[in-house]
Amino acid sequence: MSVLKLHNTLTRKKEDFVPIDNDHVRVYACGPTVYGRIHLGNARPIVVFDVLVRLLRLRHAKVTYVRNITDVDDKINIRAAERGIGIDELCAETIETFHQDTERLGALAPDIEPRATHHIAEMQAMITTLIDKGHAYAADGHVLFQVSTMADYGSLSKRSMDDMIAGARVEVAPYKREPADFTLWKPSSDDQPGWDSPWGRGRPGWHIECSAMAKSYLGEVFDIHAGGLDLIFPHHENEIAQSCCAHDQTKMAHYWLHNGFVTMNDEKMSKSLGNIISVTDAADQYRGETLRAALLSAHYRAPLDLSDNAMCDARNGLDRLYRAVADVDASQDKIDADFIACLLDDLNTPAAMARLHELARLANKGDAAAAKALKASAAVLGLLQQSADSWAKAGDAATDDGLDDAAIDGLIEARKQARANREFAKADEIRDQLTGAGIILEDSVDGTIWRRRWQ
RNA sequence: GGCCCGGUGGCAGAGUGGUUAUGCAGCGGUUUGCAAAACCGUGUACAUCGGUUCAAUUCCGGUCCGGGCCUCCA
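Laid out in structure tokens, this is it:
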């Protein structure tokens, strides 16, 4: 099988993927901070790296995929206070919604989903090591990483220390030795979550969480670390600094993958801009599989504008593929080679989808093998795995006229009688009624099938 | 100011130093009681200005435009 190529942010080049252990590939992706529903921007890495893991599983005996949950963070404290509920309650509720959302997006659960609050001891141990090795210092209840102690700090984001000082827009806290130093541990007031530590009662900084959890489950050096483009700096840069300095390694992960942004009307979708659409709401409107297809319709590193039009295109594309795939059974060995070749080229999902459409055309022309290849291949993208009938009829919402499936079937039966009697005016009247209710009929040699129109 | 990424047909979106994906929409046709679906045909698009080359949308450089990071952020 040919080689997998991945764009590595460390080198800004597409490279051959060579795992540390060919029989056990280890992947870490940054997960959510659980203070509210995730939005479509958050959904992108979940879906994209889910495809990566599915692809890796085809090629390697074992894949360990870790995606963390950050459940200690000031945003959580603030949100809980705003809502007048406990932090634990907020986290539990948010995690439950998160799991529902990822399931609707068709994403497989990661092998391990560690929570930051369950790894405080590991974080403290790593901080202690960093202090002992002279890379960190305690000051005023805080512990800070001293960036100048790491020679090649900035290598992932391609920033020099001078640049960072010149570009600094934040006020420098008085306890920092140097402006770029970042927090490993900070003190907690009585009403904030905190843990006892050698530096007083406090809580961890954001970056150390991922370093400690990655080390716990994947070791000091692992294969792939993934996340959104905006995490390159400072989050991933700081993870590298912490992990490499604590472990005396030159690398934390061999390959760093970063997905591009989701935009709305060409503007970055972000919590701070307030132009977000939650996965829950979007899935209610368009269905999870449509979202997934839309999220895979552009290359993962390119920006993706999720307009209403993009959603309709995704849904229409799935309509076509589902009609072609019908209800074939397919096993893994039917996966199309050209399709896989697209994914092996740095997860080129748009090209892979194009190949799916070519297979659909072959299947529509009677090529049974193509239909099987279509279904088996689509599974690698996590698409087309429900029955065609269920896809066609799955109107979450009732139709405008409130027709349920039984009522529709009844009308179709009446129309069938009318057609048998060549009463075409009556037959058309029934179809018009159904069309008005958003039901589209298709007559075939096997009888009449129907589907719900969306939008 | 520093660093990074883009500009492809009506829309979305791949890709390639010369044979020009794919989907949606459109048009023509086959088919159908009528439709729908499907199939066939149809669109010479690659921001701009130079350079390299027998040949550039594809490589190099400049310009213009857009986006992102530098602060929590997928």
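Residues 3 to 457 in the working numbering are what the first sequence lists, from first letter to last. Ideal Cβ positions, reconstructed from N, Cα and C, are used throughout, including at glycine.
Exercise. Inspect the beta-carbon positions of Val-145 and Trp-187 and report whether they are closer than 8 Å.
Key: yes
Quiz prompt | Residue span of the alpha helix (DSSP H) that contains Trp-208, given as start and end | solution = 208-220
Quiz item: Closest by CA to His-301, which one among Ala-420, Gly-196, Ile-122 and Asp-348?
Solution: Asp-348
Self-check item: Span separating the alpha-carbon of Ala-111 from that of Leu-346
Solution: 22 Å
Exercise. Taking Arg-205 as the reference, give the member of His-101, Phe-19 and Asn-79 with the closest Cα.
Key: Asn-79
Exercise. Determine the DSSP secondary structure at Glu-269, reduced to helix, strand or coil.
Key: strand
Quiz item: Looking at the structure shown, is Thr-401 part of a helix, part of a strand, or coil, going by DSSP?
Solution: Bear in mind that a pLDDT of 49 at Thr-401, under 50, signals an unreliable position, so the model cannot answer this.
Self-check item: Per-residue DSSP class, three states only, for Arg-289
Solution: coil
Quiz prompt | Touch test, the segment 39-46 against the segment 262-278, Cβ-Cβ under 8 Å, three pairs minimum | solution = yes
Quiz item: Would you report the Cα separation of Ile-410 and Asn-277, rounded to the nearest angstrom?
Solution: 39 Å
Quiz item: Looking only at its own chain, which residues have a Cβ that is under 7 Å from the Cβ of Thr-99, when we skip the five neighbours before and after it?
Solution: Arg-39 and Thr-282
Practice problem: Measure the CB-CB distance between Leu-6 and Lys-16 and report whether it falls below 8 Å. | Solution: no
Self-check item: Any 3 or more C-beta pairs closer than 8 Å across the segment 188-202 and the segment 221-231
Solution: no
Quiz item: In angstroms, rounded to a whole number, what distance separates the CA positions of Trp-197 and Met-313?
Solution: 46 Å
Quiz item: For Ala-71, does the count of other Cβ atoms within 10 angstroms reach 16, so buried, or fall short, so exposed?
Solution: Rather than Ala, the amino acid found at residue 71 in this sequence is Ile. Flag for Ile-71 reads buried.
Quiz item: Considering only residues of the same chain and omitting the five flanking positions on each side of Ile-114, which have a CB-CB separation below 6 Å?
Solution: Val-68 and Tyr-219
Quiz item: Would the beta-carbon of Gly-156 fall within 8 Å of that of Ser-162?
Solution: yes
Exercise. Can you have a look at Gln-244 and say buried or exposed, based on whether 16 or more other CB atoms are within 10 angstroms of its CB?
Key: buried
Self-check item: Distance between beta carbons of Arg-357 and Gly-108, contact taken as under 8 Å
Solution: Wrong, their Cβ atoms sit about 19 Å apart, outside the cutoff.
Self-check item: Three-state class that DSSP yields for Ala-439 in the structure shown
Solution: coil
Quiz item: Going by Cα to Cα distance, which pick from Met-355, Leu-364 and Arg-14 is closest to Lys-160?
Solution: Arg-14
Quiz item: Under the rule that 16 or more other beta-carbon atoms within 10 Å means buried, what is Arg-28, buried or exposed?
Solution: buried
Self-check item: CB contact flag (Ala-372, Leu-383, <8 Å)
Solution: no
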